[in-house]
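Some notes on the structure that comes next.
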Amino acid sequence: MAELAALGVAASVLQVVDYGTRFLTTLYQVRQSKHDFLNNLQNLHSSSSNLRDAQHELQTICHSRSNTDAAISSLAKKSEAIAKEMLDSLKRIEENSHGRKRDAVIKTWLTILKEDKLKGLEGRLTEVKADLTFYLSVNLRATARETLENQMQLLQEMRDMRIDIKAIGDASSTNEVQAGFGSLAMEYLTGGLHERQKLKSEFIDALIARIHISEARAPSDSSTIQLSPQRRQYLEQVFISRIRYDTIQERELTIKEAHKGTFRWIFNDNNAGTSPIGFKEWLASEGSLYWITGKPGSGKSTLMKYLLQPVDTSSSENRCHEYLQQWAGDQRLTIAAFHFWAIGSDIQASKEGLFRTLLVQLFHAHPDVIPLVASSRWEALCLFNEDPKRLSQEELADIFRHAVKYISSQAKLALFIDGLDEFDGDCNALISLVQKCIASPIKVCISSRPWTEFENAFREYPRLKMEDITYDDITKYVVSKFESNSQFARFQKLHPQFASALSHSIADKASGVFLWVTIVVASLLAGMMAGDRVEDLESRLNLLPSEMDDLYGRMVETIDPLYREHAAQLFRLVSACKVPPSLRILWYADEVRFLDRAIDEDPSAVPLEEVMGRLEDMRLRIVSRCRGLLEVQRALNEQHPVKPDGGNVVYLHRTFAKFLRRPDTQQRLDSCLTTPYDSGIRFSAAYTSLAKLWMRPDAQSGTVIHRFQFHLNESLNHAGDALPSSRCEVIRLMDHLREECASLCRYKYKENNFRDPGGTWQSKLTGIGLKNYCFDAKEEFLCLATVFCVGEYVRAKADQRGLVMVAKRDPNKEPSKLGALGWRLQGNPELLRIPLLSLVPLTDIRSASVIKLLLDKGAKPNKAIKQIGYRRTTAWEELLAGAISIIERSIEEVNSHVTECVHLMLERGAKVTAGTVQKAIRISKECVMPRHLTWMPVSQHPYVAYSVHRNASLGSIYVQLKVMKKDREAPFRVTYPEESLGWWQWNGLTSTANEQQKTALRCYE
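Residue numbers (our numbering): 920 to 1924.
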């Protein structure tokens, strides 16, 4: 087959690339490690037979008169010339080495291959790799679109030729389902190479990047890629799993179930327009949007959940399906839903969560549209089973838009979006999204509070207002709750007239707010159980405010005085969490001697029976202290059999979370506390306990490692929130955490990640150079504490220069080949130091305080530090590079944090020169992420630069920094040549740094 012949040429070219890499390394190794030179030279001679075979094959291709395509022919000629040059050089060295001493041989080597010649050879190798990447991307992508029989035949021929490569597998094995054609081809191409795994990984990354680049230039149709039905189904599930997130069903499951017999009016007929609802008619009509609105707590989310539930357990179709099918007719019907949740995790209140949740449902129903709406990602999956590029919110929005377009062209689509008012962002952007959706032939049912923005946008569409229509439901609910209570039955016999009127009195006062009703009914039932008289119950009902905030205040006031301080502490704890804490975490944080327990207790030694007892005790405390304002939500995920969390502790309603944040509420809770209460140090101790639980040897595998990392991160993060008065406790706890867990931290030091690791020797040498260091986990822990802004610990442990020595060169490690090259070229330091200023995450609200304390201790912004990778950088240059990277894609609140950090550095003497700015811009462009992000899982940080940076304007940044030095209120911002006006509106700044500085200064002055 012609395809196999082409791959054969590619394999020969890869032989040249592999050998050329070692050839270059050995030359540079001469000056750094002469004692091992002859052995390495002998190894090159010994393995040169493979290179000769590759050269012979390339010569055959170059001199053949067959119809070899021009691309392969050109690539073969370039590679053959490089191979010939290297073999001729080896031959000359060999001829001049007989009977001579080592120094003479080295001298001959250096004479034959001067450094300029080696640089030229390196450039040619890089060019060959780029050409090969391009050719393989075209070849493999074309082959993947041929018939399945052709692919199988090609793979079989590869197996026949390379039976030593087990990874190519057997045609009848499940390997064909789980391995991509491109991956199997790369196994064939790289088989037997010295740097096999490294080259394979580099080429796959480069090929995936090429797929994305070509997609951006000219979108391709990856639906034509030929796959077996089994593999297609497998890849569809893989793709969907990468869109799904852990808490995708959490909000739906936490919404209260509709009370039996309520909400049935939603499907009433609208005969002659007598019903004010018309919802059933809307479902069956061509109407595009329906708006469910109402007061906070009026039951909007409960109604939306009711609509989406099956009619009964025997049916899989939701309550709206029957009527929507009338609209759909003979066409297929697809329904997808999302519930915003303001007090859940960030993703649950974001557009990203909306897109991911809806796409998972749409792709489950229509997997055939995946190749059409995510072409490059589908192609990368088909060929290589992977796509390391993260899905950004912008890309998800684009995929969602195309998915809606394709699906609505072949089926009927209905979307239900609950809680628009719980969206954590610009509600106008969300309104715009809804309006774009209904521009397609689809239906959208939304729910929200009656905010002005929503009223203006949706006033022309049919709607229902919950509080105007739920009077009967509220009455049914009250009657049902009362009648199921034995004490009420007795009370009803004694006072039938009052009991009959009570439910209507509650419904009248509720004004349609179901949440208010549930609280009031619970209060009245408690009074009945306490033997209240009619007059007592009347008084109780009259004293309960009709407004929710007033009702919350009343409920807090009526907490048993004995428990009031403890209740205030529990409210403080839950308020300190961005996501609902588990019952187990809250138990540890709520302990009186929380710090001693975190340090002294081995949580893995606690019997399961005692753990379950602790969880039950904590649940009872919440019930008895918090008057139902906090609830224990059942565990949504499968509980670990010996490490149960007990579910999460959540607010009764998000209106109570808002109530707790009010300044007057905070003041009221403070008055209940007899001593200062620090939620930060308590949660840090609690998460330390669970980090120790998940760090044990029997726990270090798979998702369990992720749990250890999660708890470690949370411990550090909450320690950063601790009050200054808890300084001693923070230091004691962090020292303990360092001793126990630092050796298992997975955020080991690594230099800035480079954007083009396949094409720069800088990045290769950086990674290899690190292998020659031995690291100090305890010192690295101080770096982690800085990354998580644990200010008090940094204050106590950082030295006066703000530097930390994380590693020193290991004298026991022999330099590897590429390692020797690195040491020779870079003169790497014996001690590896990091300026802590460069590790502070500028996006954190606490970042400015940590930078200030480091500067106060004596950290020098302009002190150049020798690093791996032929670099001398200052903390200011790295911090400025991070600021540039963040500002260009961030939100206003984050920008204010960055601005404050830059101001602090400028006030302490950070240099503002064109050279400094130019270096910072270069660092921001060549590095994938700020240095501090290499210390934590990237997925945990929302501001990682996944897209390629534009060229920030040196002149504009320089001028802006000069302005900031004079004006404390001036913001830090980044502009670009195409956005700027004036002298910097030209392609690149080609003058020297001094000339640029003078030009910029003239503009500024």
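Glycine included, each C-beta is placed from N, C-alpha and C at the ideal position.
These numbers were taken from a predicted model, which means no experiment stands behind them.
- Assigned with DSSP and collapsed to three states, Y1570 falls in strand.
- With the rule of 3 Cβ pairs closer than 8 Å, the stretch 1066 to 1075 counts as touching the stretch 1138 to 1156.
- Judged by DSSP in its simplified three-state form, R1491 adopts helix.
- The three-state reading of DSSP puts R1150 in helix, counting H, G and I together.
- K1270 counts as buried, since no fewer than 16 other beta carbons sit within 10 angstroms of its beta carbon.
- If the five residues before and after S998 are omitted, its C-beta is found closer than 6 Å to the C-beta atoms of V932, V935, L977, V1047, all from its own chain and listed in chain order.
- Less than 8 Å divides the Cβ of Q1879 from the Cβ of R1892.
- Take the alpha-carbon of K1697 and the one of A1715: they are about 14 Å apart.
- Cβ atoms of I1262 and K1224 stay farther apart than 8 Å, at about 17 Å.
- C-alpha of K1577 to C-alpha of I1478: approximately 19 Å in a straight line.
- Close CB contacts of I1842 within its chain, under the 8 Å cut and outside five residues either way in sequence, are with N1671, T1792, E1796, E1797, A1800 (chain order).
- Per the Cβ contact rule, the stretch 1178 to 1188 is in contact with the stretch 1392 to 1400 (3 or more Cβ pairs under 8 Å).
- With fewer than 16 other beta carbons inside 10 angstroms of its own, L1413 counts as exposed.
- Between R1601 and L1492, the CB-CB gap stays under 8 Å.
- According to DSSP, residue pairing for Y1209 in a beta bridge involves C1364.
- For K1497, no beta strand (DSSP E) segment is defined, and its DSSP state is neither H nor E.
- V1542: member of the alpha helix (DSSP H) spanning 1527 to 1545, first to last residue.
- For F1335, the three-state secondary structure derived from DSSP is strand.
- In the DSSP assignment, A1268 falls outside any alpha helix (DSSP H) and carries neither an H nor an E.
- Taking a 10 Å sphere around the C-beta of D1589, we find fewer than 16 other C-beta atoms and assign the residue as exposed.
- Secondary structure at H1178: coil, using DSSP grouped into helix, strand and coil.
- Secondary-structure assignment with DSSP links K1782 through no beta bridge to anything.
- Going by C-alpha positions, S967 is about 15 Å away from T944.
- Counting along the chain, the unbroken alpha helix (DSSP H) around L1103 starts and ends at 1100 to 1109.
- For R1382, the enclosing beta strand (DSSP E) starts and ends at 1382 to 1384.
- In this structure K1199 is not in contact with Y1153, their Cβ atoms being roughly 41 Å apart against a cut-off of 8 Å.
- Measuring C-alpha to C-alpha distances from R1368 to each of K1428, S1220, I1388 identifies S1220 as the nearest.
- With fewer than 16 other beta carbons inside 10 angstroms of its own, G1777 counts as exposed.
- Going by DSSP, H1258 is part of the beta strand (DSSP E) stretching over 1252 to 1258.
- Listed as beta-bridge partners of I1438 by DSSP are no residues whatsoever.
- For T1574, same chain residues with a beta-carbon under 8 Å away, outside a window of 5 residues either side, are P1215, G1216, L1434, M1467, D1468, Y1471 in chain order.
- I1196 places its beta carbon less than 8 Å from that of W1184.
- S1458 and P1415 have their alpha carbons spaced roughly 18 Å apart.
- In the displayed model, M1614 falls within coil according to three-state DSSP, outside both helix and strand.
- Using a Cβ distance threshold of 8 Å, F1319 and L1277 count as a contacting pair.
- Burial is judged here by how many other beta carbons sit within 10 angstroms of a residue's own beta carbon; I1132 has fewer than 16 and is exposed.
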